[in-house]
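Asks:
In the numbering used here, the protein residues as written are 61 to 333.
1. Alpha carbon to alpha carbon, what distance is there between residue 209 and residue 8?
2. Give the straight-line distance between the Cα atoms of residue 283 and residue 95, rounded to the nearest whole angstrom.
3. If you follow the alpha helix (DSSP H) that residue 145 is part of, which residue opens it and which one closes it?
4. Out of curiosity, what's the CA-to-CA distance linking residue 239 and residue 311?
5. Check the C-beta distance from residue 205 over to residue 142 and give it rounded, since I have them as a contact under 8 Å.
6. Determine whether the beta carbon atoms of residue 191 and residue 136 lie at a separation below 8 Å.
7. What are the boundary residues of the alpha helix (DSSP H) that includes residue 206?
8. For residue 95, does the three-state DSSP call read helix, strand or coil?
9. Determine whether the beta carbon atoms of residue 309 and residue 226 lie at a separation below 8 Å.
10. Go to residue 291, then tell me how far its alpha helix (DSSP H) extends in each direction, as first and last residue.
11. So, using beta-carbon positions, are residue 207 and residue 294 closer together than 8 Å?
12. Residue 158 and residue 169: beta carbons closer than 8 Å?
13. Check whether the Cβ atoms of residue 173 and residue 193 lie closer than 8 Å to each other.
14. Taking its Cβ as the centre, do 16 or more other Cβ atoms sit within 10 Å of residue 129, making it buried, or is it exposed?
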């Protein structure tokens, strides 16, 4: 999968496009009835079908039936376009309403909503967001997801840390799944077909007595999941462990402090200091 990141383009042009500041958008060149939204939609469809490796300004222009140079009157380049694509995906993604639900259910909904986003747009899992898009879609997403942590007695910094930890896990899980899907497409074999071919060959060279744990545990896991790796099981198992870890901040009494000096209390336990 392509190695791309947000925040790689010109900040002024990117923010103007994200927030649709007409005064900052270039008026030059033929319009031919296109719009920034049309360019984003065509680019997103291209990436959904073929991945970010196929995303070029020329390919997007071709999909729109326009000359490549025409696109530059709407978007400065691919770097800015990726920010626009991701922010638009954020704006459209599901946002499950969980007000009043237990905190684990709220955070599970946040995780599942993000997993659904990556399932709809697998390319998004490969995009580094260390420098976030800062568009309306991203801000609305962040505000909604923080509401799942509101009222739990966490400091503002701890709320951000907890959300970042959760979403980092979801993105890593989605990236692994997207890579597995791409591998199946490239090889023409699903995991079971690959194992049916590789397993007998491994048995010819593997001495179970030399690797007793690997043999026993690997066989048990393979039998349980029907493959060497089950992405759904890995996601559910990993998500449960992430939530278990966060419970140390949210459910533990008395208040605990991390090395950075952030202190948390369980919900309803009083003022956070």
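The beta-carbon is built from N, C-alpha and C at its ideal position, and this holds for glycine as well.
For clarity, every value in this text was computed on a predicted model and none was experimentally measured.
Replies: The short version:
1. Look at the range of the chain in this structure, 61 to 333, and you will see that residue 8 is not part of it.
2. The residue labelled residue 283 in the question sits at position 223 within the chain shown. The residue labelled residue 95 in the question sits at position 35 within the chain shown. If you take the alpha carbons of residue 283 and residue 95, they lie about 52 Å apart.
3. By one-based count along the chain shown, residue 145 stands at place 85. Residue 145 -> alpha helix (DSSP H) spans 138-152.
4. Translated into the one-based positions of the chain shown, residue 239 becomes position 179. Translated into the one-based positions of the chain shown, residue 311 becomes position 251. Going from the Cα of residue 239 to the Cα of residue 311 covers about 36 Å.
5. Here residue 205 refers to the residue found at position 145 when the chain shown is read from its first residue. Here residue 142 refers to the residue found at position 82 when the chain shown is read from its first residue. Wrong, their Cβ atoms sit about 21 Å apart, outside the cutoff.
6. Walking along the chain shown from the start, residue 191 turns up at place 131. Walking along the chain shown from the start, residue 136 turns up at place 76. No, the pair does not count as a contact, with Cβ atoms beyond the cut-off.
7. Locating residue 206 in the chain shown gives position 146, where the first residue counts as 1. Residues 196-206.
8. Residue mapping note: residue 95 aligns to position 35 of the chain shown, counting from 1. Here residue 95 sits in coil by DSSP.
9. By one-based count along the chain shown, residue 309 stands at place 249. By one-based count along the chain shown, residue 226 stands at place 166. For residue 309 and residue 226, no; Cβs fall outside 8 Å.
10. Taking the chain shown and counting its residues from 1, the one referred to as residue 291 is at position 231. From DSSP, the alpha helix (DSSP H) with residue 291 extends over 291-310.
11. As a working note, residue 207 is residue 147 in the chain shown. As a working note, residue 294 is residue 234 in the chain shown. Their beta carbons are not under 8 Å apart, which means residue 207 does not touch residue 294 by this criterion.
12. Within the chain shown, the letter at position 98 stands for residue 158. Within the chain shown, the letter at position 109 stands for residue 169. Going by C-beta atoms, residue 158 is nearer than 8 Å to residue 169.
13. Start at 1 with the first residue of the chain shown, and residue 173 comes out as number 113. Start at 1 with the first residue of the chain shown, and residue 193 comes out as number 133. No; because the gap between Cβ atoms is not below 8 Å, this pair is not in contact.
14. The residue labelled residue 129 in the question sits at position 69 within the chain shown. By the 10 Å Cβ count, residue 129 comes out exposed.
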